[in-house]
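Enquirer: Okay, so the sequence shown: first residue is 22 according to the working numbering, each after it adds one.
Following this message is one structure expressed as structure tokens.
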Amino acid sequence: MRNQLHHYSIEVQSDKTSIEVMVEQNPLLGFGAIAIAVLCSGFAGVYFEKVLKSSDTSLWVRNIQMYLSGIVVTLAAVYMSDGDEVIEKGFFFGYTYYVWFVILLASVGGLYTSIVVKYTDNIMKGFSAAAAIVLSTVASVLLFGLQITLNFALGTLLVCVSIYLYGLPRQDTTTVIQGEDNTSKEKLIHL
Numbered sequence: 022m023r024n025q026l027h028h029y030s031i032e033v034q035s036d037k038t039s040i041e042v043m044v045e046q047n048p049l050l051g052f053g054a055i056a057i058a059v060l061c062s063g064f065a066g067v068y069f070e071k072v073l074k075s076s077d078t079s080l081w082v083r084n085i086q087m088y089l090s091g092i093v094v095t096l097a098a099v100y101m102s103d104g105d106e107v108i109e110k111g112f113f114f115g116y117t118y119y120v121w122f123v124i125l126l127a128s129v130g131g132l133y134t135s136i137v138v139k140y141t142d143n144i145m146k147g148f149s150a151a152a153a154i155v156l157s158t159v160a161s162v163l164l165f166g167l168q169i170t171l172n173f174a175l176g177t178l179l180v181c182v183s184i185y186l187y188g189l190p191r192q193d194t195t196t197v198i199q200g201e202d203n204t205s206k207e208k209l210i211h212l
């Protein structure tokens, strides 16, 4: 199988200069990266649910453990990519009230996610995230006049239907059948 690269050329013009930007894409590599990310996310969600539900350690201690490891990895990435600038200007250079607000929202969202996983399950967390995307898009339509595409409308419909179907009460599908031989006391259970 040949590895294909797709080249896109974009020309940006202004009054004085013209700049051409080449963008290379590899759809097979992109698909593979997304597939790996989805698998890692799924395994991480299931493992996180198992850790939260299988021990007596409190939810808050587990959150602190998880966030400390995340802080270490994130700080390493920041210093690898922008270390000189961080040392020169300080870590919090450029932080505005909006940035602090986004950090607060992300923190509360992380705590909320762990509570949802602790008391429901990982599937419900996925549905909650999908429902949040749908609700924030509806808010964007109402507040900012966002135009919704057909693909987004179909995705929204799938999310709403899947949430509805998941919430339906489960029916007992087991049946007990008496064996054909009346002398037999065995019962067969069909699932």
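Cβ atoms here follow ideal geometry from the backbone N, Cα and C, with glycine treated the same way.
On the three-state DSSP scale, how would you describe Q168?
Expert: coil
Enquirer: Using three-state DSSP, classify Q86 as helix, strand or coil.
Expert: helix
Enquirer: Over the uninterrupted alpha helix (DSSP H) stretch that includes S135, give me the two end residues.
Expert: Y118 to Y140
Enquirer: Could you tell me if K110 is buried or exposed, where buried requires 16 or more neighbouring beta carbons within 10 angstroms of its beta carbon?
Expert: Exposed, by the Cβ-count rule.
Enquirer: To which residues of the same chain is A151 closer than 6 Å at the C-beta, ignoring the five residues directly before and after it?
Expert: V180
Enquirer: K74: which of L171, L96, G166 and N143 sits nearest, CA to CA?
Expert: In terms of Cα proximity to K74, the closest of L171, L96, G166 and N143 is N143.
Enquirer: Once the 5 residues before and after N24 are set aside, which same chain residues still bring their CB inside 6 Å of it?
Expert: Note that N24 scores a pLDDT of 49, beneath 50, so its modelled location is shaky and nothing firm can be said.
Enquirer: Rounding to the nearest angstrom, what Cα-Cα distance links F112 and W121 in this structure?
Expert: 13 Å
Enquirer: Taking C-beta to C-beta, are V93 and V99 nearer than 8 Å?
Expert: Going by C-beta atoms, V93 is not nearer than 8 Å to V99.
Enquirer: Can N84 and L132 be called in contact, C-beta distance under 8 Å?
Expert: yes
Enquirer: Taking Cβ positions, are L89 and S135 nearer each other than 8 Å?
Expert: no
Enquirer: Note down the Cα distance separating G164 from A97, rounded to an integer number of angstroms.
Expert: The question names Gly, but residue 164 is Leu in the sequence shown. Roughly 38 Å between the two C-alpha positions.
Enquirer: Enumerate in chain order the residues of its own chain whose CB-to-CB distance from V67 is below 7 Å, with the five nearest sequence positions on each side excluded.
Expert: N143
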